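First comes the structure, then the notes that go with it.
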Amino acid sequence: AQQRYAGLRDLPATSTCGTTIQLYMNAGLMADLPSLESSGAEGVGLFRTELQFLTRTKVPRRGELAALYAHVLDNAHGKPVMFRTLDIGSDKVLPYMKPQDEPNPAMGWRAIRVGLDKRGVLRMQLQALIRAAIGQPLHVMFPFITEMNEFEEAHKLLMEQLAREQRLGHALPSDIRVGAMLETPSMAFAPKKFFEMCDFISVGGNDLKQFFFAADRENEMVRRRYDTLNTSFITLLEQIVQRCDEARVPVSFCGEDAGRPIEAVTFAALGFRRLSMRPASIGPVKHLIRRVNLSELKRVIDDARAAGEINLRRPVTEWLARQ
Ligand code: PEP
Ligand code: MG
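Be aware that the sequence shown starts at 422, since it is given in UniProt numbering, and climbs by one per residue.
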């Protein structure tokens, strides 16, 4: 399949109405980096940093992490890499962390909640990222932001680490961009100030969907019960895009759904201009985007919504079949 889309690699994902969607890839291992070149991705829209913590018997050392992140940046050859700080918690228990007995780990002590409560590890990771990106731009994003103050605190922690590096006489990254992952419905209703504070926002669709529908993404009994193209969820996504546009903050969608062509063109029609997905999905998604008129698709979505459809998959796929 990769072969089939190879010809598209250097072509932009531009719709027939002239809108270009930037396609990024998700990664989490050094071994993923060669795909940046072969897939034609614009950069790494989500670099999950959990694996390096999960595969050790103790907390990795700062120097070790800094070397690893520097290696990632070297292998990205100037393309941006959005590093997400540790999204660890009850379900992904670190072997060296005291296990917490939580009834609902996905809604428990995880991600930025752990980072802000046990600051040592987050501080160390931020220092490693800063040292890895000396002289180049650094993109950091914080996972699972549920209230604006969590972003403010995490942002402050990052700024403190920068000041510390400077005090120590170390060189700094040339630029720092700080983003939030929007993965809980609460943040769609956050104060405008939150959107203005972020340099970029990334919608974590996997978590956002599970919390919107109250359906555990790990539970086979319910995980496929609610469709991503359910009208209510699409309307939530549209509102998120509008809020980001109002605050002029770039927004991307980085859940698994971004890699499904029908979902991807729907997100693009809603106004997402950046999508991040597994590298193998870039070809098929680009192929479809290049064949559709996004403003017409937006009209199809609006009409179906006005007609009271509770799910947009049928109208969208029927329209796509006619293109
Ligand atoms: C998400 O929730 O959509 C996401 C990208 O993060 P993860 O899948 O790592 O939770
Ligand atoms: Mg998530």
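Glycine included, C-beta positions come from ideal geometry on N, C-alpha and C.
Predicted model only: the values in this text are computed from it and were never measured.
Buried versus exposed call for leucine 475 [16 or more other C-beta atoms within 10 Å across all chains shown]: The residue you call residue 475 lines up with position 54 of the sequence shown. Exposed, because fewer than 16 other Cβ atoms sit within 10 Å of the Cβ of leucine 475.
For proline 594: DSSP bridge partner residues: Working through the sequence shown from its first residue, we reach residue 594 at position 173. Paired residues: none, contrary to the question.
Alpha helix (DSSP H) runs contained entirely in the segment 531-560, provided each spans 4 or more residues: 532-538, 540-553
Simplified DSSP state of glutamine 424, which is helix, strand or coil: As a position in the sequence shown, residue 424 is number 3, starting the count at 1. Of the three classes helix, strand and coil, the one that applies to glutamine 424 here is helix, per DSSP.
Beta-carbon proximity check, leucine 507 vs glycine 466, cutoff 9 Å: The sequence position of residue 507 within the sequence shown is 86, counting from 1. The sequence position of residue 466 within the sequence shown is 45, counting from 1. The answer is no: Cβ separation not under 9 Å.
Nearest-angstrom Cα separation, counted from threonine 470 out to phenylalanine 504: Walking along the sequence shown from the start, residue 504 turns up at place 83. Walking along the sequence shown from the start, residue 470 turns up at place 49. So the alpha carbons of these two residues sit roughly 7 Å apart.
Distance between beta carbons of proline 671 and arginine 695, contact taken as under 8 Å: Position 274 of the sequence shown, counted from the first residue, corresponds to residue 695. Position 250 of the sequence shown, counted from the first residue, corresponds to residue 671. Confirmed, Cβ separation roughly 7 Å.
Enclosing beta strand (DSSP E) for serine 623 [first to last residue]: Mapped onto the sequence shown, residue 623 falls at position 202. Serine 623 -> beta strand (DSSP E) spans 621-624.
Cα-Cα separation, isoleucine 710 to glutamine 424: The residue you call residue 710 lines up with position 289 of the sequence shown. The residue you call residue 424 lines up with position 3 of the sequence shown. Cα-Cα distance, rounded: 18 Å.
Local conformation of glycine 466 per DSSP, three classes: Stepping through the sequence shown from its first residue, residue 466 is reached at position 45. Of the three classes helix, strand and coil, the one that applies to glycine 466 here is strand, per DSSP.
Whether methionine 602 touches asparagine 447 by CB criterion (9 Å): The residue given as residue 602 occupies position 181 in the sequence shown. The residue given as residue 447 occupies position 26 in the sequence shown. No, the pair does not count as a contact, with Cβ atoms beyond the cut-off.
Rounded C-alpha distance that separates cysteine 438 from alanine 636: For this step, residue 438 is matched to residue 17 along the sequence shown. For this step, residue 636 is matched to residue 215 along the sequence shown. Cα-Cα distance, rounded: 36 Å.
The ligand PEP heavy atom lying under 8 Å from the CB of aspartate 628: In the sequence shown, residue 628 corresponds to position 207, counting from 1. Yes, the ligand PEP has a heavy atom inside 8 Å of this Cβ.
The ligand MG heavy atom lying under 8 Å from the CB of aspartate 508: In the sequence shown, the residue the question calls residue 508 occupies position 87. Yes; taking the cut-off as 8 Å, the Cβ of aspartate 508 has a heavy atom of the ligand MG nearer than that.
Buried or exposed (CB count within 10 angstroms, at least 16 for buried), phenylalanine 610: The residue labelled residue 610 in the question sits at position 189 within the sequence shown. When all chains shown are included, phenylalanine 610 counts as exposed.
Same chain only: Cβ atoms within 7 Å of isoleucine 703, ignoring 5 sequence neighbours per side: Taking the first residue of the sequence shown as 1, we reach residue 703 at position 282. Taking isoleucine 703 as the centre and dropping the five residues before and after it, the same chain places the C-beta of Leu444, Met446, Ser460, Gly461, Ala462 closer than 7 Å to its C-beta, in chain order.
Identity of the residue in Phe654, Ala668, Ser716 nearest asparagine 732 by Cα: Residue mapping note: residue 732 aligns to position 311 of the sequence shown, counting from 1. Nearest C-alpha to asparagine 732: Phe654.
Chain-order list of residues whose beta-carbon lies under 8 Å from that of threonine 656 (same chain, five-residue window excluded): On the sequence shown, residue 656 is found 235 positions in, with the first residue counted as 1. Correct list, in chain order: Arg726.
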